[in-house]
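Residue numbers (our numbering): 104 to 411.
Printed below as a string of structure tokens:
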């Protein structure tokens, strides 16, 4: 009886989960994570104070004050997620090469697709945990400020003799800028945006041995992707009738190379107090999965032929 050689499966969720967990642990130990997390948490926590310079002006009244608080805090959260998505992903492969961990993993053998997917999932888990902690603090701060603003505005309205309909409308407007499900949907969109840029950084890191190059290139892609929709509209408006098909094709190609980050603008809409329909969030989920899938497969193609 002959022993059949052990065959490594093409893709193993178990292997991916092990690599993702190891990556998460590795990233948590990095100082950059704690520096960003502490900075943003302090920035959010400071808004428990009754008045800060940017929320104490004459324009910061009622619901507008809450909108300004949300805009500032969600902006900090976005900064955290995007920076962490780029920097942490850019550090992964070069650090594994430097520590010779990559040689050990791939010699087990672990397929390179499992390695890349596990690394990316580890980064996404780190971003998710960080955003979850910030969301809890944001919700507490915003709820606290909403109650203060609500009490203040209703008291003023009653003193001025407003009727009950006007008071109810003021109450509804203030609550619309408090903690809502639409705001949570906006934060989910923020997580999706960070996931896409992390996948872009993963692709760049597979053909670059320089962490700085990966960070700069990924940041450039993010910057271009934030304005590519405007450029696409301009090209379509300026193109001649006969060239419209060619321009549309070129625009679609550019949309793959440079993801359209303006799609994730529902975060700004949520901060502004708009209602985010579930269908839009579902559509955005599909777009995000498509983007991450494309960049992960491209990363695999590049990494599969890379000499280690």
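For each residue, glycine too, the CB sits at the ideal point set by N, CA and C.
Annotated three-state conformation of residue 246 is helix, per DSSP. Taking all protein chains shown into account, residue 192 has 16 or more neighbouring C-beta atoms within 10 Å of its C-beta and is therefore buried. Fully contained in the segment 247 to 299 is no beta strand (DSSP E) run of length 3 or more. Just measuring C-alpha positions, the residue of 183, 369, 243 sitting nearest residue 380 is 369. The C-beta distance from residue 230 to residue 322 rounds to 16 Å, too long to meet the 8 Å contact threshold. Here residue 173 is buried: its Cβ has 16 or more other Cβ atoms, across all protein chains shown, within 10 Å. For residue 379, there is no enclosing alpha helix (DSSP H), as DSSP marks it with neither H nor E.
Leaving aside the five residues that flank residue 362 on each side, the residues in its chain whose CB is nearer than 6 Å to its CB run, in chain order, 299, 328, 394. Shown here for residue 294: same chain residues with a beta carbon closer than 6 Å to its own, the five before and five after excluded, namely 234 in chain order.
Here the C-alpha atom of residue 118 lies approximately 57 Å from the C-alpha atom of residue 257. Going by C-alpha positions, residue 248 is about 28 Å away from residue 187.
Per DSSP, residue 185 is one residue of the alpha helix (DSSP H) stretching across 166 to 201.
Residues of the same chain with a CB within less than 8 Å of the CB of residue 121, apart from the 5 flanking positions on each side, are 221 in chain order.
With a beta-carbon spacing of about 5 Å, residue 180 and residue 237 fall inside the 8 Å limit used to define contacts.
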